[in-house]
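So the protein lines, in turn, are chains A and B. Per the working numbering, the very first residue in the first sequence carries number 28; after that it's consecutive. Per the working numbering, the very first residue in the second sequence carries number 9; after that it's consecutive. Note that CB positions come from ideal geometry on N, CA and C, so glycine has one too.
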Amino acid sequence: EPEVTQTPSHQVTQMGQEVILRCVPISNHLYFYWYRQILGQKVEFLVSFYNNEISEKSEIFDDQFSVERPDGSNFTLKIRSTKLEDSAMYFCASSKGQGVGEQFFGPGTRLTVL
Amino acid sequence: AQKITQTQPGMFVQEKEAVTLDCTYDTSDPSYGLFWYKQPSSGEMIFLIYQGSYDQQNATEGRYSLNFQKARKSANLVISASQLGDSAMYFCAMREVGFGNEKLTFGTGTRLTIIP
Numbered sequence: 028e029p030e031v032t033q034t035p036s037h038q039v040t041q042m043g044q045e046v047i048l049r050c051v052p053i054s055n056h057l058y059f060y061w062y063r064q065i066l067g068q069k070v071e072f073l074v075s076f077y078n079n080e081i082s083e084k085s086e087i088f089d090d091q092f093s094v095e096r097p098d099g100s101n102f103t104l105k106i107r108s109t110k111l112e113d114s115a116m117y118f119c120a121s122s123k124g125q126g127v128g129e130q131f132f133g134p135g136t137r138l139t140v141l
Numbered sequence: 009a010q011k012i013t014q015t016q017p018g019m020f021v022q023e024k025e026a027v028t029l030d031c032t033y034d035t036s037d038p039s040y041g042l043f044w045y046k047q048p049s050s051g052e053m054i055f056l057i058y059q060g061s062y063d064q065q066n067a068t069e070g071r072y073s074l075n076f077q078k079a080r081k082s083a084n085l086v087i088s089a090s091q092l093g094d095s096a097m098y099f100c101a102m103r104e105v106g107f108g109n110e111k112l113t114f115g116t117g118t119r120l121t122i123i124p
């Protein structure tokens, strides 16, 4: 069964460093998302990506964040200068769109900023 | 305003009993979808069940069923014959369909603990 994959599973970084979180969505999906979950809290939407551009972003997704689909398979989230409060689990998700069916989540990347 | 409300932060249920996890939602959009995800301690988000706003029947997937009451804007998850492996966080989520974006809005979750 096709699945969303994410790498790395755990990333530890120093405050102020740049990190890139990688995702491979399901191949025939059209919509891509990043969500984050601070430990013990609910899952929050960060950004959605459709037709090679950002379709919506939340207030969390400020200028420190960017997303890219550099080729036909990868979908990346970059945090330019990490802060302590960026420590969270980051989930990538994808869906076929058009209001059809579920949104498939990857296993997550746990980001720890020291 | 909260779009998804889960009022039970934690529940303890005896093994083999049925359990209902509450979820209410708020939207003015006539077309939307409701989801339940399970998050075990390992952290991944596991899709359980989906209900579309126009679906006439309540969704069922094995031991999971969704008690969809549209007029009351509730979408409770029912787990029948609970098992120890059901112990996890459970999140209700809503998708409001929009062009180019079908983001999910999540509730705060319910931590379910199954007691042997």
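Item	Value
Distance, C31/B Cα to A83/B Cα	5 Å
I64/B, buried or exposed, once every other Cβ within 10 Å from all chains shown has been counted against 16	It is worth fixing the name first, because residue 64/B is Gln in this sequence and not Ile. Classification of Q64/B: exposed, given that the 10 Å Cβ count is below 16.
Separation of A96/B from E52/B, as counted between CA atoms	11 Å
Distance CB(T109/A)-CB(V46/A) smaller than 8 Å	yes
Neighbourhood of K46/B by C-beta distance below 6 Å, restricted to the same chain and skipping five residues each side	I54, L56, A96, Y98
Any C-beta of chain A under 8 Å from that of G93/B	no
Proximity winner among Y40/B, F114/B, G70/B, relative to Y62/B (alpha-carbon distances)	Y40/B
For Y58/B and R12/B, the rounded distance between their alpha carbons	For the record, residue 12/B in the displayed sequence is Ile; it is not Arg. Approximately 15 Å, taken between the alpha carbons.
One or two residues paired with V86/B in a DSSP bridge	T28/B, S73/B
Start and end residues, beta strand (DSSP E) containing I122/B	118-123
Chain-ordered chain B contacts of F88/A [CB-CB under 9 Å]	Those within 9 Å of F88/A in chain B number zero; the least Cβ separation is about 11 Å.
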